[in-house]
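For reference, the structure discussed in these notes is given below.
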Amino acid sequence: GFTLLAERMEPAALIGLLDQYFTAFDEIVTRHGLEKLKTIGDAYMAVAGVPTANRRHPIETCLAALEIHAVTARMKAQREKMRLPALELRVGIHTGPVISGVVG
Numbered sequence: 057g058f059t060l061l062a063e064r065m066e067p068a069a070l071i072g073l074l075d076q077y078f079t080a081f082d083e084i085v086t087r088h089g090l091e092k093l094k095t096i097g098d099a100y101m102a103v104a105g106v107p108t109a110n111r112r113h114p115i116e117t118c119l120a121a122l123e124i125h126a127v128t129a130r131m132k133a134q135r136e137k138m139r140l141p142a143l144e145l146r147v148g149i150h151t152g153p154v155i156s157g158v159v160g
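Counted the way this note's numbering counts, the sequence shown spans residues 57 to 160.
Below is the structure:
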């Protein structure tokens, strides 16, 4: 997983790898009207339907997830051809109300 990858890579190379993936994800979520909440390590969290409700947010979320899956697969294949480390992808989607705020 990511912890092993982080232990084996130089810090600057790891940041570059995450930047490559997350820059692609940012473009996809923006195009689908989603909002990136945060990244923690290799985790990327985004929401849809905020701050303005959108009836299509479940569809747009699924479409964004499919695109993120496709771009991750392409990046992984390219990096493996060059014998470079790549990230794995897991996607979780939840629908329903969400609340957020700054705490502390």
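Quick reminder that beta carbons are idealized off the backbone N, C-alpha and C, glycines included.
In this text the structure is predicted, and so the values were computed from the model without any measurement.
Just to confirm my understanding: we take residue i, look at its own chain, exclude 5 residues before and 5 after, and list those with CB closer than 7 Å. What are they?
| i | result |
| --- | --- |
| E116 | H88, G89, L90 and A104 |
| K94 | M101 |
| A120 | I84, V85, H88 and L90 |
Going by Cα to Cα distance, which pick from the options is closest to residue i?
| i | options | result |
| --- | --- | --- |
| G72 | L60, D98, L93 and K92 | D98 |
| T59 | V159, V158 and P141 | P141 |
| G57 | E144, A133, F78 and T79 | E144 |
| L122 | L74, A80 and D75 | A80 |
| F151 | V159, R111 and D82 | In the sequence under discussion, the amino acid at residue 151 is Thr, which differs from the Phe named in the question. Ranking the options by Cα distance to T151, first place goes to R111. |
With a Cβ-Cβ cutoff of 8 Å, do residue i and residue j count as a contact?
| i | j | result |
| --- | --- | --- |
| V147 | H113 | no |
| V127 | I84 | yes |
| M138 | Y77 | no |
| C118 | I96 | no |
Excluding the 5 residues flanking residue i on each side, which residues of the same chain have their C-beta closer than 8 Å to its C-beta?
| i | result |
| --- | --- |
| L70 | L61 and A62 |
| V106 | E91, V154 and S156 |
| E136 | A142 |
Can you tell me whether residue i is helix, strand or coil according to DSSP?
| i | result |
| --- | --- |
| M101 | strand |
| I96 | strand |
| E66 | coil |
| E91 | strand |
| G57 | coil |
| L143 | coil |
| V159 | coil |
| V106 | coil |
| M131 | helix |
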